[in-house]
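Quick note: the sequence shown uses my numbering, first residue 43, plus one each step.
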Amino acid sequence: MLAVVQRVSEARVVVDGRVTGEIGCGLLILVCAERGDRRAEADKLLGKLLKLRIFSDEAGKMNRSVQDVAGGLLIVSQFTLAADTTGGNRPSFTNAAAPDEGRALYEYFVAEARKAHPQVETGEFAAMMQVHLVNDGPVTIPVRIAPAT
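In structure tokens form, the structure reads like this:
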């Protein structure tokens, strides 16, 4: 599974003029399931993101996790993270999981996040979304969990 994580001071997702998810301080997580991903990869990715130390401590060093700072999670599905641009100017998305598999893994990831973290908001799978954010830092971290072989 792939994720691009942004440390934000605020973020929200709008679909058809309505806000589907909104957080203050926390992580905006753009997440993509790739072909071959299973729940094990989703679990590993979530564990990594909850413990990722990208929030500043009192000395200004990135030593705190989203759990340490009681921040929110805004989880947004984004299959375009699987884009392959090596073959030309039009990206190929063949590495992305099929829509039904991607949805199942996204819904599983969100459900597990809600069990593990007190504030979890979301976008809407397969919808045209507008994502508004204030990237704090800016801090943007790509994270990839490869399927076990």
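Note that the Cβ used here is the ideal one computed from N, Cα and C, for glycine as well.
The alpha helix (DSSP H) runs lying completely inside the region 131 to 164 and spanning 4 residues or more are 141 to 158, given in chain order. Residue 170 counts as exposed, since fewer than 16 other C-beta atoms from the protein chains shown sit within 10 angstroms of its C-beta. Note that the C-beta distance between residue 50 and residue 176 is below 8 Å.
Exposure of residue 122 is indicated by the presence of fewer than 16 other C-beta atoms within 10 angstroms of its C-beta.
Annotation: the continuous beta strand (DSSP E) that includes residue 63 extends over 60 to 65. Three or more beta-carbon pairs drawn from the region 143 to 159 and the region 66 to 86 are found closer than 8 Å, and the two stretches are therefore classed as touching.
Contact between residue 164 and residue 63 is confirmed by a C-beta separation of about 5 Å, below the 8 Å threshold. Straight-line spacing of the CA atoms in residue 134 and residue 124 works out to 8 Å. Shown here, residue 113 sits in coil according to DSSP, grouped into three states, outside any helix or strand. Residues of the same chain with their beta carbon placed closer than 7 Å to that of residue 140 are lacking, with the five preceding and five following residues left out of the count.
Inclusion of residue 183 and residue 114 in the CB contact set at 8 Å is not warranted, their separation being larger than that value. Between the alpha carbons of residue 167 and residue 96 lies a gap of roughly 27 Å.
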